[in-house]
């Protein structure tokens with residue numbers, strides 16, 4: 131799920147509980163490796179767009 135899809139998912143919900151439940155359902159069963167790959171992709175895109183801040187883990 132890309133950032134724009136996540137944003138659309140969040141904007142279409144009316145409560146934080148609904149947002150949480152929607153994202154939880156979408157990512158349920160995601161492995162650590164899948165999460166890491168997704169996070170790394172986001173970090174690389176941020177870096178490519180000039181974000182030079184250090185990531186804190």
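Numbering (the numbering used here), first residue to last: 131 to 187.
Idealized CB from N, CA, C, for every residue including glycine.
message = So, with DSSP's three-state summary, where would you put residue 179?
response = Residue mapping note: residue 179 aligns to position 49 of the chain shown, counting from 1. Three-state DSSP puts residue 179 in coil, outside helix and strand.
request  = List the whole-angstrom C-beta distance separating residue 152 from residue 138, where the pair is believed to meet the contact cut-off of C-beta under 8 Å.
outcome  = For the purposes of this step, residue 152 is taken as residue 22 along the chain shown, with counting starting at 1. For the purposes of this step, residue 138 is taken as residue 8 along the chain shown, with counting starting at 1. Not a contact, Cβ separation roughly 11 Å.
Start-to-end residues for the alpha helix (DSSP H) that takes in residue 148 = Within the chain shown, the letter at position 18 stands for residue 148. That run of the alpha helix (DSSP H) goes 146-157.
inquiry  = Can you give me the C-alpha to C-alpha distance between residue 162 and residue 174, rounded to a whole angstrom?
reply    = Within the chain shown, numbered from 1, the residue matching residue 162 stands at position 32. Within the chain shown, numbered from 1, the residue matching residue 174 stands at position 44. C-alpha separation (whole angstroms): 18 Å.
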